[in-house]
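Colleague: My questions will all concern the structure given below.
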Amino acid sequence: MSVIGCSGIPKTAENLPLANGTGAVVIPVNMENTSESKKYPCRSISFEVKKVFRTPDELDKSEPREIYLYDKPAYGLITDLEPGEYMFDEFKCHANYRRVFNGGQSYIVKRANVYFDVEPNTVTVSSQTFVGKSEYDASGSSSFSARFNYVTEQDKQKALKALEEKGIPSGWSLNF
1 MSVIGCSGIP
11 KTAENLPLAN
21 GTGAVVIPVN
31 MENTSESKKY
41 PCRSISFEVK
51 KVFRTPDELD
61 KSEPREIYLY
71 DKPAYGLITD
81 LEPGEYMFDE
91 FKCHANYRRV
101 FNGGQSYIVK
111 RANVYFDVEP
121 NTVTVSSQTF
131 VGKSEYDASG
141 SSSFSARFNY
151 VTEQDKQKAL
161 KALEEKGIPS
171 GWSLNF
């Protein structure tokens, strides 16, 4: 189940659906040095999820997904994926409100190497964690970074705890 956001890209799921033979992946999110008074420059990140091994009729198929960052989520949850191996190789950082990038662009594109296996009725953790970091100096200037790093045990546990707080329907297994 996906909820459509303002930009028309399906937002990552809030909860797991009932077990139905498809799988899900959790992408841990780690927002560093961001405070409520100073918003992170990216309001969201989006990416195109693609199967790694595709048949000719699947070559142009991908599933756009978006993780909103304004509420500092512990994870992004992608559900309803058929079993298989998936990846995305780039992501877009969409500018927060009243911000622009590179002379007026509403987003920047960054490279990534994120792979994950999807199994039926199983929640798998991604091999990568999204890390967003903001830095501010005394003059009020700021810089930020947006990247994917290898997932750590701490990232996994934080995402698992947040997922369990939302509830895991019966029939799902965890591959953390």
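Reminder that position 59 of the sequence shown reads as 59 in the UniProt record's numbering, one-by-one numbering, no gaps. Think of the CB as a built atom: it goes at the ideal place given N, C-alpha and C, for glycine as much as any other residue. Owing to the predicted nature of the structure, the values given are computational and were not obtained by experimental measurement.
1) Which word fits E66, buried or exposed, when buried means at least 16 other C-beta atoms lie within 10 angstroms of its C-beta?
2) Please classify I4: does DSSP put it in a helix, a strand, or coil?
3) Counting Cβ pairs, one atom from each stretch, are 3 or more of them under 8 Å apart for the stretch 141-155 and the stretch 166-175?
4) Taking three-plus beta-carbon pairs below 8 Å as touching, is the stretch 38-46 in contact with the stretch 60-77?
5) By DSSP's criteria, K51 is part of a beta bridge. Which residues make up the other side?
6) For D155, name the three-state secondary structure that DSSP assigns.
7) Which of helix, strand or coil does DSSP assign to P56?
8) Which value, in whole angstroms, describes the spacing of the CA atoms of E135 and D80?
9) So does the stretch 107-120 actually touch the stretch 73-88, counting three or more Cβ pairs closer than 8 Å?
10) State the beta-bridge partners of I27 as determined by DSSP.
Modeller: This is what the structure holds:
1) Sequence index remark: in the sequence shown, residue 66 carries index 66 (1-based). Burial call: buried.
2) Residue 4 sits at position 4 when you count from the first residue of the sequence shown. Model confidence at I4 stands at a pLDDT of 35, short of 50, so the residue's coordinates are unreliable and nothing is read from them.
3) no
4) yes
5) Numbered from 1 along the sequence shown, position 51 holds the residue referred to as residue 51. DSSP output for K51 lists Y86 as bridge partner(s).
6) Numbered from 1 along the sequence shown, position 155 holds the residue referred to as residue 155. Reduced to three states, the DSSP call for D155 is helix.
7) Stepping through the sequence shown from its first residue, residue 56 is reached at position 56. Looking at P56 - three-state DSSP - the assignment turns out to be helix.
8) Sequence index remark: in the sequence shown, residue 135 carries index 135 (1-based). Sequence index remark: in the sequence shown, residue 80 carries index 80 (1-based). Taking the straight line from one Cα to the other gives about 37 Å.
9) yes
10) Counting from one through the sequence shown, the residue named residue 27 turns up at place 27. Answer by DSSP bridge pairing, in chain order: G76.
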